[in-house]
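K.L.:
Chains as they are written, first to last, in our numbering: chain A, 56 to 313; chain B, 471 to 892.
Just so you know, even glycine gets a beta-carbon here, dropped at the ideal spot from N, CA and C.
Sharing a structure, written as structure tokens. Questions coming.
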Amino acid sequence: MKKNGVKMIKISSKNVDVFYGKKQALFNINLDIEENQVTALIGPSGCGKSTFLRCLNRMNDVIDICRVKGQIIINDFDINDKSCDVVRLREKIGMVFQKPNPFPKTIYENISYGPTIHGMAQSKNEMDEIVETSLKKAALWEEVQDRLHEPGTGLSGGQQQRLCIARAISVKPEVILMDEPCSALDPIATAQIEELIDELKKDHTIIIVTHSMAQAARVSQNTGFFHLGELIEHGSTDKIFKNPENKKTQDYITGRFG
Amino acid sequence: MNKNKEQLLNKRYKAEKRFRLYGQSAIFMALLFLIIFIFKIFSTGYSAFQKTWLIVPVTFDAELMMLEQNPSKEDLKDADYYDIALKSMADLDPNANENQENELKRMVSYFFEREIKRELLNDPSLIGKTKDVYLTASDDLDQVFKGNYPRDLPEDQRRVTDYQLKIFDQLVELGKVESKFNLSFFTYPDSREAELAGIASSFMGSIFSILVCLMIAFPVAVLAAIYLEEFAPKNRFTDFIEVNINNLAAVPSIVFGLLGLGILLAVFQLPRSTPLVGGITLSLMTLPTIIIACRASLKAVPPSIREAALAMGASKMQTTMHHTVPLSMPGTLSGTIIGLAQALGETAPLILIGMVAFVNTIPGSPLDPAASLPVQIYIWAESAERGFVEKVSACIMVLLGFLIIMNLFAQIIRHKFEKKWS
């Protein structure tokens, strides 16, 4: 989104290096993410795009041997700073994973979990409302409104993934990270999710990791191309796909390797 | 070339057939042993659930009982029943001499006095009248009646005399010997007399021990497992702890018994022979089992669930308590029950801490002296009387039944509450 013709930057990473033990997985990543836009991260397997995504909500903390260096600035605040509270951070930055991972609880409980732990609803009514709006935003309400109290794991794969999206947006995050959200889904479910992503970018900044170049081209406004732990090229999706500067990018998007 | 291939294929099929055969014969062997074992126990033990009674006419002679006219309930309780009891037994053979009268008396258990007393307390109007009273037969006659006693042994090698057998046979002919369900096996405590011995004290002892064990081992083990699995940093020290927990599970149980003896009894001066000490000792033994089961089921919770919760902004503690631990509970609980079942069958450590003592009272709390079922089996197996042979098997049956129920329960918990992934 542009305000007075200036791009609004939501997240900016500066000289980010990531190590798994002694092995370096990311090299000096400098990438700015525009607010209320969809940014796609593409690249061959093992190139570090998921690793980078997980830096943005510090999910790499979970991995013992993983170390992150450099700055990641969100809202003028370095999230790698010691003073950063990861619980607060993850409330602001939601995440949707590759494989749908609803809690083995009811659909309602899946959505209400986040608002409950963050104390976002004062009453049962308020909670009902959050659940309803989240499900509506995730385009799942029509399908599940009659069975909110049935297990979320009983839904189809595509529905489960939309449930996970609904769960992520239930706490009204500013940013949603999506790690190959459609890789376990069929084309119809994928189309639904892509439509949803387009809708969600009005309220949220979205970063999506994808293996499908077609998907990146369809849903994103900006694209970053990773290769062997380096950010080779980034810019508007149009430019990356039609007129890439780097030879590697050109080769990758035309399917010559990867 | 083609023929070669065919040969190879045939060989593969044959190898598979052989392998199946080995597997089937292994299972057949295991089942055979199990059946022999169960058959043996049932065939020796089932008779313990029957008890032989002699039906003896008792005359409630007020004078012999030293009772005044119109005795009160208290008087009846204090009355002397020994003489009428003796007399009723002696009356079985009017021609008996003094020696024979003594033998007659030993045809019933030493409870005969109490059994007669109970009869009168139930119905005080019996004073002055004669009534057939059921008296517990001595264990030897009990065995004779059940056909477990070799009657053709020379008399001096038998515990029943020819005279007793003669009178007994007369009673049998008159229909004055009856076999009934042996309720006292379940309600009486242990006794030196086989016909009066029951499992009530050891059963309660086992229950109390297991409860103490559960109350100590479960919370400690679950907390340790959760901490180690979810919170502890992975370093040399935690690796060392992990190795030691696994080692602890392999420590012979008698070592834990020594620990209980040396620390709980000697240092802390806890009361000897009690389920409290037994339970604490068993809990040391059960601890590693539960920790291992709990850690395994925590490990089995897919990491994606943890990631989902963490990504929602749940703290580590919330993730663990809201998601991981509840999901691991079925596995933990069934592991706990299996650990307890193991503890229930444990003998050696309990012997060391004194639960092998002869206890002829039923414990009312974990602080009363008690035995336990497996120890009871051990005590009875050591006893010489024939009457205890069937009791041993019967006690094994009770213990096995208990274990089967517990394991069944563990299975049910596992199947019913375990969440299925994807």
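On the DSSP bridge assignment, give the partners of residue 604 of chain B in chain order.
P.N.:
Answer is B:525.
K.L.:
Buried or exposed: where does residue 259 of chain A fall if 16 or more other Cβ atoms within 10 Å of its Cβ makes it buried?
P.N.:
Looking at its Cβ environment, which holds 16 or more other Cβ atoms inside 10 Å, residue 259 of chain A is buried.
K.L.:
Using DSSP with H/G/I as helix, E/B as strand and the rest coil, what is residue 630 of chain B?
P.N.:
Residue 630 of chain B falls in the coil class under three-state DSSP.
K.L.:
With a threshold of 16 other CB atoms inside 10 Å of the CB of residue 29 of chain A, please say whether the residue is buried or exposed.
P.N.:
Nothing about residue 29 of chain A can be read from this structure; chain A reaches only from 56 to 313.
K.L.:
Please check the pair residue 518 of chain B and residue 861 of chain B, which I expect to be a contact at CB under 8 angstroms, by giving their CB distance rounded to whole angstroms.
P.N.:
Contact holds; Cβ gap of about 5 angstroms.
K.L.:
Taking Cβ positions only, does residue 891 of chain B come closer than 9 angstroms to chain A?
P.N.:
Note that residue 891 of chain B scores a pLDDT of 49, beneath 50, so its modelled location is shaky; the value from the coordinates is reported in the next line. It does: the Cβ of residue 891 of chain B has a partner Cβ on chain A nearer than 9 angstroms.
K.L.:
With 9 angstroms as the threshold, decide whether the Cβ of residue 244 of chain A is near any Cβ in chain B.
P.N.:
Taking Cβ atoms only, chain B never reaches closer than 9 angstroms to residue 244 of chain A, which makes this a no.
K.L.:
Listing by chain order, which chain A residues have their CB less than 7 angstroms from the CB of residue 784 of chain B?
P.N.:
Per Cβ cutoff of 7 angstroms: 172.
K.L.:
Could you check the C-alpha separation between residue 237 of chain A and residue 219 of chain A for me, to the nearest Å?
P.N.:
In a straight line, the C-alpha of residue 237 of chain A is about 12 angstroms away from that of residue 219 of chain A.
K.L.:
Let me confirm a value: residue 892 of chain B is counted as buried when at least 16 other C-beta atoms fall within 10 Å, else exposed. Which label applies?
P.N.:
Residue confidence is low: residue 892 of chain B scores 41 on pLDDT, short of 50, so the model does not pin down where it sits. Its coordinate-derived value is still stated next. That one is exposed.
K.L.:
Are the C-beta of residue 883 of chain B and some C-beta of chain A separated by less than 9 angstroms?
P.N.:
So, not an interface residue.
K.L.:
Report yes if the C-beta distance between residue 902 of chain B and residue 745 of chain B is below 9 angstroms; otherwise report no.
P.N.:
An answer regarding residue 902 of chain B cannot be provided, because it is not within the stretch 471 to 892 covered by chain B.
K.L.:
Out of A:75, A:289, A:188 and A:116, point me to the one whose CA is closest to residue 227 of chain A's CA.
P.N.:
Looking at the Cα atoms, A:188 is the closest of the given residues.
K.L.:
Whether or not the region 63-77 of chain A and the region 237-247 of chain A are in contact is what I'm after, with contact meaning three or more pairs of Cβ atoms, one per stretch, closer than 8 angstroms; do they touch?
P.N.:
No contact exists between the region 237-247 of chain A and the region 63-77 of chain A.
K.L.:
With a threshold of 9 angstroms between beta-carbons, can residue 769 of chain B be considered close to chain A, or not?
P.N.:
For residue 769 of chain B, the answer is no, since every Cβ of chain A falls outside 9 angstroms of its Cβ.
K.L.:
Which partner residues does residue 128 of chain A have in the DSSP bridge list?
P.N.:
Its beta-bridge partners are A:67 and A:133.
K.L.:
What are the start and end residues of the beta strand (DSSP E) that includes residue 282 of chain A?
P.N.:
Counting along the chain, the beta strand (DSSP E) containing residue 282 of chain A begins and ends at 277-282.
K.L.:
For a minimum of 4 consecutive residues, which ranges assigned as the alpha helix (DSSP H) are wholly contained in the region 809-846 of chain B?
P.N.:
The qualifying runs are 818-822.
K.L.:
Only counting the same chain, and skipping five residues up and downstream in sequence, which positions put a Cβ closer than 8 angstroms to that of residue 254 of chain A?
P.N.:
Excluding positions up to five away in sequence, the list reads 192 and 194.
K.L.:
What did DSSP end up calling residue 483 of chain B once you bin it into helix, strand or coil?
P.N.:
Residue 483 of chain B: helix per DSSP, three-state reduction.
K.L.:
Is it true that the CB of residue 582 of chain B sits closer than 9 angstroms to the CB of residue 606 of chain B?
P.N.:
It is a contact, given that the beta carbons lie within the stated cut-off.
K.L.:
Under a three-way DSSP split, which group does residue 316 of chain A fall into?
P.N.:
As displayed, chain A neither begins before 56 nor continues past 313, which places residue 316 of chain A out of reach and without an answer.
K.L.:
Quick one: using the 10 Å Cβ neighbour count with 16 as the cut-off for buried, is residue 232 of chain A buried or exposed?
P.N.:
Burial call: buried.
K.L.:
Does DSSP put residue 645 of chain B in a helix, a strand or coil?
P.N.:
Correct three-state label for residue 645 of chain B: coil.
K.L.:
Are the C-beta atoms of residue 96 of chain A and some chain B residue less than 9 angstroms apart?
P.N.:
No, because no Cβ of chain B sits closer than 9 angstroms to the Cβ of residue 96 of chain A.
K.L.:
Under three-state DSSP, which class holds residue 653 of chain B?
P.N.:
Coil, per DSSP.
K.L.:
If you check the beta carbons only, do residue 549 of chain B and residue 590 of chain B fall under 9 angstroms apart?
P.N.:
Yes.
K.L.:
When the Cα atoms are used, what is the spatial distance from residue 684 of chain B to residue 863 of chain B?
P.N.:
Taking the straight line joining both Cα atoms gives about 27 angstroms.
K.L.:
I want to verify the contact list: residues of chain A whose CB lies under 8 angstroms from the CB of residue 775 of chain B, in sequence order.
P.N.:
156, 158 and 159, listed in chain order.
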